Amino acid sequence: MEAIYIPQLAKAPEQTERLTVLHQLPYLKTLTPVQGEVIVTHCGTYLDVKGKAAAILTLSCDRCLQQYNHRVVVDAAEFIWLERAEDDPQADLLEREVSLEELIETLEPDGYFRPLEWLYEQFCLAIPPRQLCDANCQGIPFDADPPTQVDRRWASLQSLQQSLGDNLQN
Ligand SMILES: [Zn+2]
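Numbering that gives the first Met the number 0 numbers the first residue of the sequence shown as 0 and each following residue consecutively.
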């Protein structure tokens with residue numbers, strides 16, 4: 000999918016682009032292509048970005064380590080401020096620090112908006128931090144003790160019983 004040249008977006012009808020998404024995202028392996036829509040509007044000093052999309056991802060369960068398929072849904076809206084980076088690299092650095100702290104996304108006014116990279120970020124936020132194949136997942140299954148192996152506590156009882164019996168017989 001093409002990146003959107005931001006000055007071009009300002010000239011689009013209603014300063015808006017509607018993009019139909021049916022793509023694989025960069026850096027994110029999905030079982031099905033990401034399907035949905037991204038709407039970007041140029042609002043002068045910022046971009047108004049809305050996106051709805053879904054894809055099936057293969058996740059691995061935190062409890063049993065089995066892989067399972069999970070449908071991840073993104074329904075996101077974000078303002079991205081259009082700000083020219085300062086020529087003074089020091090000022091730029093300071094500004095970036097502030098931006099990071101406040102978690103404000105910015106782009107150059109004459110730069111590009113990349114819808115698939117934006118969607119990638121939204122998917123990263125939408126992937127559940129706690130991954131369970133099932134709410135009732137019992138964790139890693141392990142076989143019960145083989146019948147020949149006797150619990151040590153019972154084993155000592157058994158030997159006691161045996162020696163008692165032996166004493167009685169003698
Ligand atoms: Zn599991």
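C-beta atoms are modelled at their ideal positions from N, C-alpha and C, and glycine is treated no differently.
The structure presented is a predicted model; accordingly, all values stated were derived computationally and were not measured.
Open item on the list: Taking a contact to mean a Cβ-Cβ separation below 7 Å, would you say Glu-36 touches Thr-19 in this structure?
Closed with: Residue mapping note: residue 36 aligns to position 37 of the sequence shown, counting from 1. Residue mapping note: residue 19 aligns to position 20 of the sequence shown, counting from 1. Yes, the pair counts as a contact, with Cβ atoms nearer than the cut-off.
- [ ] Closer than 5 Å is what we want: which residues have a beta carbon that near any heavy atom of ligand 1? List them in chain order.
- [x] Cys-60, Arg-62, Cys-63, Cys-132 and Cys-136
- [ ] Return helix, strand or coil for Gln-137, following the three-state DSSP convention.
- [x] In the sequence shown, the residue the question calls residue 137 occupies position 138. Three-state DSSP puts Gln-137 in coil, outside helix and strand.
Task: Own chain, CB closer than 7 Å to Asp-133, minus 5 neighbours either side, in chain order - done: On the sequence shown, position 134 is the one that residue 133 refers to. Around Asp-133: no qualifying Cβ.
Task: Those residues which DSSP pairs with Arg-129 across a bridge - done: Position 130 of the sequence shown, counted from the first residue, corresponds to residue 129. Arg-129 is not bridged to any residue.
TODO: Measuring alpha carbon to alpha carbon, tell me which of Pro-32, Pro-127 and Leu-115 ends up nearest Leu-58.
DONE: Taking the first residue of the sequence shown as 1, we reach residue 58 at position 59. Among Pro-32, Pro-127 and Leu-115, the Cα nearest to that of Leu-58 is on Pro-127.
- [ ] Return the chain-ordered ranges of every beta strand (DSSP E) run that is complete within the region 9-35 and spans a minimum of 3 residues.
- [x] 15-22
Open item on the list: Less than 7 Å between C-beta atoms, sequence neighbours within five positions excluded: which residues of the same chain meet that for Asp-174?
Closed with: With the chain covering 0 to 169 only, the question about residue 174 has no answer from this structure.
Open item on the list: Going by C-alpha to C-alpha distance, which of Phe-112, Ala-53 and Leu-163 sits closest to Ile-3?
Closed with: The sequence position of residue 3 within the sequence shown is 4, counting from 1. When only C-alpha atoms are compared, the closest one is Phe-112.
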